[in-house]
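Notes for the one structure printed next.
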Amino acid sequence: MQTVKFRNLTLTVHHTTYADPQNPCLQLLDEDGGPYAIASVNVDQVLLPGMVAIKTWSENAGLYEALVDAKIISPKIAEIPCGFVSAAVCQLIT
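In this note's numbering, the protein residues as written are 51 to 144.
What follows is the structure in structure tokens.
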């Protein structure tokens, strides 16, 4: 079970996929197993195997760094535009 420390909480990382396209989705669950946040964002294009797009803006500010520190994802490899912002494309570390 992978965990990440974020805003003084220990969150469990749940791996799943989006419906279309079927890119990886990282859900974060609180200590009671309830939903806390979705760290990833689905983009229009299919990502390469093992890659994930991470939402780095708004309520997710600081989450990218926490995931890198916890060795859940690699540092940013590329960026993908998402409207007026860009998602960080990272390698999933298992």
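For every residue, glycine included, the Cβ atom is placed at its ideal position computed from N, Cα and C. Keep in mind the model is a prediction, meaning the values are calculated, not measured.
THR53 and ILE127 have their alpha carbons spaced roughly 22 Å apart.
Annotated three-state conformation of ALA128 is strand, per DSSP. In this structure ILE104 touches ILE123 by the C-beta definition: roughly 7 Å separates them, less than 8 Å. DSSP places LEU113 in the helix class (H, G or I) of the three-state scheme. The three-state reading of DSSP puts VAL63 in strand, counting E and B together. Under the three-state reduction of DSSP output, VAL54 falls in the strand class. Its chain contains SER136, ALA137, ALA138 and VAL139 as the residues whose beta carbon lies nearer than 8 Å to that of GLU129, once the 5 sequence neighbours on both sides are disregarded; these appear in chain order.
Cβ-Cβ distances below 6 Å link ASP80 to TYR86 in the same chain, with the five nearest sequence neighbours on each side left out; the list follows chain order.
For VAL135, the enclosing beta strand (DSSP E) stretches over residues 135-141.
DSSP places PRO74 inside the beta strand (DSSP E), whose first and last residues are 74-79.
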